[in-house]
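Scroll down for the structure; my scribbles are underneath it.
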Amino acid sequence: MSRKITMIQAITEALDQKLKQDSDIMLLVGPFGGLFATSIINHPEVAILALHKMEPRVVVRDSQGVIRLMMNISLSLDHRIIDGVTAVKFTNRIKELLENPNLLFLEMR
């Protein structure tokens, strides 16, 4: 499990560096124990992504209850600038990268 946490920390740092090109739009509330938060966007930002606490939770896989390391993510955005469909696609991509960290490293080449 510690290897997964290390991988997610590496992904978070890589995403943070990538996002800092324009403005800082990532909020890490997980290290402080936050399970969920609604972030406020500060001008000139148009969106903010919050990564919450990772913790073991019971989830259903193949009709069986199993324990998996889970984390909530939330995205606050200005709908005047970013369409909701685009935001959902972005959030799904972040989820995909967190679940499959090797994809991020392949894209960084």
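Residue numbers (numbering that gives the first Met the number 0): 0 to 108. From the three backbone atoms N, C-alpha and C, an ideal C-beta is built for every residue, glycine too. Please read all numbers here as calculations on a predicted model, not as lab measurements.
For N91, the enclosing alpha helix (DSSP H) has its first and last residue at G83 to E98.
For E54, the enclosing beta strand (DSSP E) starts and ends at A46 to R60. Counting of Cβ neighbours within 10 angstroms places A46 among the buried residues, the total reaching 16 or more.
Per the coordinates, the alpha-carbon of I80 lies some 29 Å from the alpha-carbon of N99.
When secondary structure is reduced to three states using DSSP, N71 falls in the strand class. Proximity to R67 across D77, E54 and I7 peaks at E54, based on C-alpha coordinates. The beta carbon of T37 is closer than 7 Å to those of S73 and S75 in its chain, skipping five residues each way along the sequence. The Cβ atoms of H42 and M70 do not sit closer than 8 Å to each other.
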